[in-house]
Amino acid sequence: MALITETYLRAQLIKGLANPFPVTEGDKLTPAAADFLKERGIRLQRVASEPSGTLPPNFLPVGVSNRHVHLAPHHIDMLFGNGYRLTPLRELSQKGQFAAVETVAVKGPYGSLSNVRILGPLRGATQVEISRTDGFELGVHPPIRLSGDLADTPGITLVGTKGTVTLNEGLIIAKNHVHASPEEAQILRLNHGDRIHVQAMGERSIIFADVIVRVSPQYSLDFHIDRDEANAAHLTTGDTVQIISKNAERRLR
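Position 198 of the sequence shown, counting from 1, maps to 198 under UniProt numbering, and the rest follow consecutively.
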């Protein structure tokens, strides 16, 4: 039996998806994955043996996130002009989210980062996600936080084509976490707020401890890490890690 997710299928787009797509009788195809194939006119084909590359139980696909910016509506106006709309460049692993053509410069006390990608759609609050290595270059030391937890975080300056925005807060290093739909979480026996340990299975078998699980109908299965973590574990988007323990007693409130 294998778990086939939308995130896995997106990662396979680079190599090309077979049409029809082979699945075995015991495979679990998530609803998001089924919709992904249907939208692209790809049929399913039942085969006798397990197709190579699909995810075994208790494995998670990896999504590596580089530095990026989420913008609030009023800030996109200040950076690019009134009424400006982002131009999608490519889809991301999470349904409805995209990398935009537009980028900004991020300026700190001692340095700057150019061409930092904006991710859409727009959000209620502007958030800048960088790695610890990026922080050294900027001269800032943001805390490790889950997305949206911006209270008492440092600010930063963003520079667009039409203006500049100086944030009072909103700069974080994203805490690694797992996204999952309710169906995917059920298959993996995970719940929203669970904290799990996962292990990279390559030459650097690093264990990521206290990884928080976030479950929502809008999510697709994905183990989300930043560039520093990926480099340390020799991981790239589309690789897999294994769940090695679960601690369901500790939950998000």
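Just so you know, even glycine gets a beta-carbon here, dropped at the ideal spot from N, CA and C.
Since this is a predicted model, take the numbers as computed values, not measurements.
If only complete runs of 3 or more residues are kept, the stretch 116–168 shows the beta strand (DSSP E) at 127–129, 157–159, 164–166, in order along the chain. Boundaries of the alpha helix (DSSP H) around threonine 7: 6–12. Linking glycine 170 to isoleucine 212 through their CA atoms gives a straight-line distance of about 20 Å. Spatial neighbours of proline 154 in its own chain (CB-CB distance under 6 Å, excluding positions within 5 residues in sequence) are listed in chain order as Val140, Pro142, Leu171.
Of all alpha-carbon atoms in Leu113, Val64, Arg85, Asp35, the one lying nearest the alpha-carbon of valine 178 is that of Val64. Assigned with DSSP and collapsed to three states, aspartate 239 falls in coil, not helix or strand. Per DSSP, reduced to three states, the secondary structure at aspartate 228 is helical. Contiguous beta strand (DSSP E) elements confined to the stretch 71–105 occur at 88–91, taking only those with 3 or more residues.
With 16 or more neighbouring CB atoms inside 10 Å of its own CB, glutamine 94 falls in the buried class.
In this structure, glutamate 129 sits near alanine 174, with a CB-CB distance shorter than 8 Å. In terms of Cβ geometry, alanine 100 and leucine 86 form a close pair [threshold 8 Å].
DSSP links alanine 174 through a beta bridge to Arg145.
When secondary structure is reduced to three states using DSSP, glutamine 186 falls in the helix class. Taking a contact to require three or more Cβ pairs closer than 8 Å, the stretch 235–245 and the stretch 191–200 qualify as touching. The beta carbon of arginine 90 lies closer than 8 Å to those of Phe98, Ala99 in the same chain, with the five residues before and after it left out.
When DSSP reads this structure, asparagine 247 sits in a beta bridge with Arg195. With a contact defined as Cβ atoms closer than 8 Å, glycine 160 and leucine 138 miss out at about 17 Å. Here the C-alpha atom of proline 22 lies approximately 14 Å from the C-alpha atom of lysine 38. Assigned with DSSP and collapsed to three states, aspartate 27 falls in coil, not helix or strand. The beta carbon of serine 220 sits closer than 7 Å to the beta carbons of Thr5, Glu6, Thr7, Ala32, Ser93, Gln94, Lys95, His179, Ser181 from its chain, once the five residues preceding and following it are set aside; these are given in chain order.
Judged by their CB atoms, leucine 146 and isoleucine 156 are not nearer to each other than the 8 Å cut-off. Phenylalanine 59 is bridged by DSSP to Gln242.
Bounds of the beta strand (DSSP E) holding isoleucine 212 are 207–215.
Valine 215 has its alpha-carbon roughly 27 Å from the corresponding atom of leucine 17. Between leucine 3 and proline 20, the CB-CB gap reaches or exceeds 8 Å. The straight-line gap separating the alpha-carbon atoms of alanine 209 and valine 165 is approximately 36 Å. Secondary structure at leucine 17: coil, using DSSP grouped into helix, strand and coil.
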